[in-house]
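Structure, as structure tokens:
Numbering (the working numbering), first residue to last: 1 to 564.
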């Protein structure tokens, strides 16, 4: 029984009340304020046991990603035969890439890997009721051209550009194949989705390839059962085959020699097998996580939108006017100097190297800055019905034209340098880059008068086409041929840097071998043979199978003649 003497809440409140008569007139107001503050209910006193708290508007409680309906739907789609198949083939593709290209040699292995990769890719993304994205299909053409260039020739001096372009195109293609394609191939939205969907979410979905194996626990179809049986057969047969091959090689010396010859020809390094499997496995898991997320994670994403169209035309117009005044003054005042050529060299007592270097690098830097300014102006300026203000349009065209003048002057200086000292890889790449910038300037001038065209798409296509041309061209062989032809035409007056040619790849060996027959030059026959032997050593260090290229056939003939 409860204690009846216990005071109830109402009694306590009565006891705590202060009579009004107890307050003096001067204290009445203060006591009322104090009393009102003391009886004002706090957030804690308003909570009634058993009654849920009132949530603020638009409040959403945190739900772990693994418990969301979207994640459960994503997981259920991953647990499928196609999800399991793409996980297994992704691991196999990554192992193949590690063995043949990453730890091997980039040659015929690159187009073969491209065929295997795209077979898996289009099998996975193909659905009977949904056509494959046409832009993604079109991107396959430049990717295969770039991959095929590795089979044509070995040009390590330019292949870094090819690899960067290949990686960018593959990432763009994956986004277009996914459930959240970007608004444009070469847009800001594409950049964001590549970073988020292809790279970022692949890390958050690393567990999904393992989830795909859950399809084997459920109702087994004939296809999944056959896949499982094949995997079990491979797992059991490989160690047995290794043991038997070891016994057979120990039993028969002729068989052992034949197997070793095959291993040597293929360039297999059994010590790299662990690295191939380890790197390939985790690389395949990452690739599989990216593919599974791009196809099966149907989370709605807002477009990143278009960047720009937010700077007032007065700001842009004033800025461009000042830049144009400086640029036009420079081009007009020094027009004769920019295009003076050999006359300027005679007047200033400068060498060809000093003249080209003094003008070229400054003009190249200025041209790059001006190109960037013009592109940003086209993107960032506020437009009226997609039209640039006339003031801004005229300033932009003037900027591009003056930049063209700078490019022409820079090209002329470089050609003077080439005429005096010959070609090199850096000089060829510089000329290639300046021609590329000039083409992009044309597109930007057209954009000023035809605002409906997508200038970023035109620039992107131009860059991809330029990289394809550069990759398919045997740049190093052309450099060697030009310099040697130029030297042979007049050995007494023209110099040649044979050691620079020797630092190039083996693709230049047929051209360098021509110098053995030149007598009375700046070098001896022994020096040429030493350079060819150095290239031969580099040639033999490459994997003969994975790194096979068409130009290796002629190089092999040259190197075989050195031993005679």
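Backbone N, C-alpha and C define an ideal beta-carbon position, used for all residues, glycine too. As the structure is a computational prediction, the values presented were derived from the model and not from experiment.
Can you tell me where the alpha helix (DSSP H) holding residue i begins and where it ends?
| i | result |
| --- | --- |
| residue 527 | 525 to 541 |
| residue 72 | 69 to 78 |
| residue 176 | 156 to 177 |
| residue 500 | 498 to 502 |
| residue 90 | 81 to 97 |
| residue 284 | 273 to 296 |
| residue 412 | 390 to 421 |
| residue 210 | 208 to 211 |
| residue 252 | Where residue 252 is concerned, there is no enclosing alpha helix (DSSP H), given that its DSSP letter is neither H nor E. |
| residue 202 | 201 to 204 |
| residue 193 | 188 to 193 |
| residue 509 | 509 to 512 |
Applying the criterion that 16 or more other CB atoms from any shown protein chain within 10 Å of the CB defines a buried residue, is residue i buried or exposed?
| i | result |
| --- | --- |
| residue 443 | buried |
| residue 450 | exposed |
| residue 512 | buried |
| residue 189 | buried |
| residue 566 | Any question about residue 566 goes unanswered here, given that the chain covers just 1 to 564. |
| residue 315 | exposed |
| residue 65 | exposed |
| residue 535 | buried |
| residue 417 | buried |
| residue 284 | buried |
| residue 76 | exposed |
| residue 456 | buried |
| residue 263 | exposed |
| residue 525 | exposed |
| residue 204 | exposed |
| residue 581 | Examination of residue 581 is not possible in this model, given that the chain is present from 1 through 564 alone. |
| residue 296 | buried |
| residue 67 | exposed |
| residue 175 | buried |
| residue 185 | buried |
| residue 72 | exposed |
| residue 493 | exposed |
| residue 318 | exposed |
| residue 119 | exposed |
| residue 183 | exposed |
| residue 91 | buried |
Strictly under 7 Å for the Cβ-Cβ distance: is residue i near chain B by that measure?
| i | result |
| --- | --- |
| residue 191 | Within the model displayed, chain B is absent; a lone protein chain is all it includes. |
What three-state label does DSSP hand residue i in the structure shown?
| i | result |
| --- | --- |
| residue 549 | coil |
| residue 489 | helix |
| residue 321 | helix |
| residue 130 | strand |
| residue 384 | strand |
| residue 108 | coil |
Identify which residue in the options has its Cα closest to the Cα of residue i.
| i | options | result |
| --- | --- | --- |
| residue 458 | 469, 99, 477 and 437 | 437 |
| residue 144 | 319, 324, 465 and 313 | 465 |
| residue 332 | 389, 151, 288 and 398 | 398 |
| residue 434 | 179, 237, 174 and 408 | 408 |
| residue 216 | 179, 200, 82 and 149 | 82 |
| residue 275 | 95, 540, 531 and 489 | 95 |
| residue 322 | 365, 396 and 289 | 396 |
| residue 544 | 556, 486 and 202 | 556 |
| residue 373 | 401, 405, 78 and 320 | 320 |
| residue 578 | 460, 77 and 518 | Since the first residue shown for the chain is 1 and the last is 564, residue 578 is missing from the structure and cannot be characterised. |
| residue 78 | 214, 377, 313 and 484 | 214 |
| residue 404 | 441, 415 and 391 | 441 |
| residue 137 | 148, 113 and 170 | 170 |
| residue 209 | 89, 165 and 492 | 89 |
| residue 420 | 538, 378, 496 and 388 | 496 |
| residue 472 | 61, 460, 549 and 424 | 549 |
| residue 167 | 87, 194 and 202 | 194 |
| residue 368 | 430, 425 and 542 | 430 |
| residue 583 | 501, 379, 452 and 406 | Residue 583 lies beyond the range of the chain shown here (1 to 564); nothing can be said about it. |
| residue 506 | 448, 240 and 475 | 475 |
Would you check whether the ligand GTP has a heavy atom nearer than 6 Å to the C-beta of residue i?
| i | result |
| --- | --- |
| residue 281 | Because no ligand of any kind appears in the structure shown, any question about the ligand GTP cannot be addressed here. |
**Asked** Counting only runs that start and end within the region 440 to 494, where is the alpha helix (DSSP H) found for 4 or more residues in a row?
**Response** The qualifying runs are 455 to 472 and 475 to 489.
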